[in-house]
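Chemist: Sharing a structure with you now.
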Amino acid sequence: MSLIEAQKRVLSGMRPTGRLHLGHYHGVLKNWIQLQHEYDCMFFVADWHALTTHYEEPAVIQDNVWQMVIDWLASGVNPGSAELFIQSRVPEHAELHLLLSMITPLSWVERVPSYKDMVTKSNERDLSTYGFLGYPVLQSADILIYKAGKVPVGADQVPHVEMTREIARRFNHIYGRDAGFEELAEEAIKKLGRKNAKLYRDLRRDFMEQGLQGSLDTAVALVSDQQNIPLGDRDRLFGYLEGGGKVILPEPQALLTEASVMTGLDGQKMSKSYGNTITLREAPDSVDKKIKTMTTDPARIRRTDPGDPDKCPVFKLHEVYSDDNRRQWAREGCTSAGIGCIDCKKPLIEAVLAEQQPMRERARQYEENPDLVKSIIAEGCEKARSVAKSTLEEVRAAMGLDYR
Ligand code: TRP
Ligand code: SF4
2 MSLIEAQKRV LSGMRPTGRL HLGHYHGVLK NWIQLQHEYD CMFFVADWHA LTTHYEEPAV
62 IQDNVWQMVI DWLASGVNPG SAELFIQSRV PEHAELHLLL SMITPLSWVE RVPSYKDMVT
122 KSNERDLSTY GFLGYPVLQS ADILIYKAGK VPVGADQVPH VEMTREIARR FNHIYGRDAG
182 FEELAEEAIK KLGRKNAKLY RDLRRDFMEQ GLQGSLDTAV ALVSDQQNIP LGDRDRLFGY
242 LEGGGKVILP EPQALLTEAS VMTGLDGQKM SKSYGNTITL REAPDSVDKK IKTMTTDPAR
302 IRRTDPGDPD KCPVFKLHEV YSDDNRRQWA REGCTSAGIG CIDCKKPLIE AVLAEQQPMR
362 ERARQYEENP DLVKSIIAEG CEKARSVAKS TLEEVRAAMG LDYR
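With the numbering used here, letter number 323 in the sequence shown gets 324, and the count goes up by one each step, no holes.
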């Protein structure tokens with residue numbers, strides 16, 4: 002696989018620690034659904050990651066793995082466009098995690114911003130384990146084993162992607178410089194032919210001396226286009242461009258998912274831990290009840306009291322579900338006491354139900370036929386495994402482990 006192709010690969014994972022809700026849909030899944038048309042996407046259930054925090058509750062993970070896959074499919078993730086798989090079914094992640102752990106400085110994992118915080122603040126669980134410390138290294142292995150170019154994540158995960166880049170850089174630095182690297186790279190340049198060799202050298206110089214990103218991109222494209230050079234030379238030419246050794250593990254980029262706008266039933270961010278969610282496939286009468294009993298502006302006690310939409314969680318839902326007209330209607334009706342809270346909530350209930358209707362329908366065929374879900378996952382696991390195996394072979398060889 003060329004670096005250019007790798008740059009088109011998108012990889013992301015989700016931990017199966019609870020049922021997905023509308024916050025996940027608006028924050029993450031809609032983004033995945035968009036990306037699956039533009040990139041070569043791989044989405045996986047991060048069950049090992051779930052175990053790093055929920056090792057005492059294996060039943061939670063077990064329950065949520067298949068439900069989560071059904072939720073993905075229900076919301077429109079398309080197994081024809083994206084590969085869906087389960088982390089623990091691709092054991093190569095674990096071997097790469099082990100190998101990367103050999104070169105990862107302890108200080109890097111200890112200084113991950115969320116780490117110390119989570120260990121000290123989590124009073125529900127004991128997170129002072131070796132596995133939890135290694136969480137970002139496992140995540141790096143998830144990403145690097147597919148040489149993914151882009152990783153859609155929320156802001157909280159950006160430090161993990163950053164660390165993945167550092168681990169990749171360190172790996173390439175240590176293992177990408179075989180003896181005589183520079184001479185080999187010079188030999189490889191000659192194989193490009195006179196014209197392309199000159200172009201390569203010019204572009205490399207522009208990038209190395211002036212940091213021109215455009216020159217680097219053009220040079221990467223130039224090397225990618227060469228059909229007849231051996232794979233080792235190709236990797237060397239990529240690495241040499243940036244002044245390093247062979248690029249065995251390319252550095253990924255975070256694709257920042259915009260912060261979720263979804264408000265929960267109580268006005269806080271929608272989250273399982275606040276118990277303020279509407280799940281993706283929540284039964285319609287339960288949706289109706291949850292929204293009808295939602296808190297409103299606490300100052301609006303009687304129907305005749307005017308309210309302040311900016312102090313009301315219900316109005317936040319109008320921001321997600323209503324167009325300008327209806328938002329205007331709600332604001333005016335509220336501030337003038339022209340409408341009651343029940344009137345204000347009614348179109349919202351309808352909008353949520355309408356959003357969920359196609360999801361419920363799509364989910365039904367999978368709920369009724371679990372084998373269908375299993376076969377989608379089996380296929381995804383197989384494809385993922387074949388990529389993972391080939392990366393791992395390169396990694397083993399680079400680390401001198403190919404004497405078996
Ligand atoms: N740590 C991520 C989260 O909590 C889940 C995850 C695990 C992940 N491995 C990944 C996300 C690899 C992106 C890429 O949300
Ligand atoms: Fe909230 Fe709507 Fe009631 Fe105003 S009318 S307080 S915005 S629910």
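Using N, Cα and C, we set each Cβ at its ideal position, and we do this for glycine too.
Which residue marks the beginning of the alpha helix (DSSP H) containing ARG178, and which one marks its end?
Modeler: Looking at the DSSP string, ARG178 is not in any alpha helix (DSSP H), and its letter there is neither H nor E.
Chemist: Residue ranges of each alpha helix (DSSP H) run of no fewer than 4 residues wholly in the region 153 to 211, ordered along the chain?
Modeler: 159 to 176, 182 to 191 and 195 to 211
Chemist: Which of the three DSSP states is assigned to ILE279 in this structure?
Modeler: coil
Chemist: Checking the sheet assignment: what are the DSSP bridge partners for VAL46?
Modeler: By DSSP's assignment, VAL46 forms a beta bridge with MET15 and ILE87.
Chemist: Taking a cut-off of 5 angstroms, which residues have a beta-carbon closer than that to any heavy atom of ligand 2, in chain order?
Modeler: THR297, ASP298, ARG301, GLY308, PRO310, CYS313, VAL315, PHE316, CYS335, CYS342 and CYS345
Chemist: Ligand 1 heavy atoms versus the CB of MET164: any closer than 7 angstroms?
Modeler: no
Chemist: Quick one: give me the first and last residue of the beta strand (DSSP E) that GLN254 is part of.
Modeler: 254 to 257
Chemist: Distance, Cα to Cα, ASP143 vs LYS196?
Modeler: 39 angstroms
Chemist: Do you know how far the Cα of ARG10 is from the Cα of THR392?
Modeler: 14 angstroms
Chemist: Please go through the same chain and pick out, in chain order, the residues whose beta-carbon is closer than 7 angstroms to the beta-carbon of PHE239, but skip the five residues on each side of it.
Modeler: Same-chain partners within the cutoff: LEU4, VAL221, VAL224 and VAL248.
Chemist: Is it the case that the Cβ atoms of HIS25 and VAL321 are separated by a distance below 8 angstroms?
Modeler: no
Chemist: Less than 8 angstroms between C-beta atoms, sequence neighbours within five positions excluded: which residues of the same chain meet that for LYS191?
Modeler: Answer for LYS191: ALA198, listed in chain order.
Chemist: Which complete beta strand (DSSP E) runs does the region 125 to 156 hold, if anything under 3 residues is left out?
Modeler: 151 to 154
Chemist: Measure the Cβ-Cβ separation of VAL388 and TYR147 and say whether it is below 8 angstroms.
Modeler: yes
Chemist: Please indicate yes or no: does the CB of ALA95 lie closer than 7 angstroms to some heavy atom of ligand 1?
Modeler: no
Chemist: Quick one, which of ARG166, PRO299 and GLU351 has its alpha-carbon nearest LYS151's?
Modeler: Selected option, being the one with the closest Cα: ARG166.
Chemist: Applying the 10 Å Cβ sphere with the 16-neighbour rule, what's the burial state of GLN140?
Modeler: buried
Chemist: Could you tell me how far apart the beta carbons of MET360 and ALA75 are, in whole angstroms, since I believe they sit closer than 8 angstroms?
Modeler: 4 angstroms
Chemist: How many Å lie between PRO299 and GLY215 at the Cα?
Modeler: 56 angstroms
Chemist: Less than 7 angstroms separating the Cβ of SER13 from some heavy atom of ligand 1?
Modeler: yes
Chemist: First and last residue of the alpha helix (DSSP H) that includes ARG301?
Modeler: Element bounds for ARG301: n/a, residue is neither H nor E.
Chemist: If you follow the alpha helix (DSSP H) that GLU383 is in, where does it begin and where does it stop?
Modeler: 371 to 399
Chemist: Find the nearest neighbour of ASN79 within the set PHE182, GLY334 and ILE377, judged by alpha-carbon distance.
Modeler: ILE377
Chemist: Given 7 angstroms as the limit, tell me if ARG16 has its C-beta closer than that to any heavy atom belonging to ligand 1.
Modeler: In this structure, the C-beta of ARG16 approaches ligand 1 to less than 7 angstroms from one of its heavy atoms.
Chemist: So CYS335 is in the alpha helix (DSSP H); what residue range does that whole segment cover?
Modeler: 325 to 336
Chemist: Counting C-beta neighbours from all protein chains within 10 Å, is the total for HIS174 16 or more, i.e. buried, or is it exposed?
Modeler: exposed
Chemist: How would you write the range of the alpha helix (DSSP H) that THR219 sits in, first residue to last?
Modeler: Looking at the DSSP string, the run of the alpha helix (DSSP H) that includes THR219 is 214 to 226.
Chemist: Decide if the region 83 to 92 is in contact with the region 47 to 65; the criterion is three or more beta carbon pairs, one per stretch, under 8 angstroms apart.
Modeler: yes
Chemist: Would you tell me roughly how many angstroms separate the C-alpha atoms of LEU134 and TRP109, rounded to the nearest one?
Modeler: Between LEU134 and TRP109, the C-alpha separation is close to 10 angstroms.
Chemist: Using only alpha-carbon positions, find the residue among LEU242, GLN228 and GLU163 that is nearest to VAL113.
Modeler: GLU163
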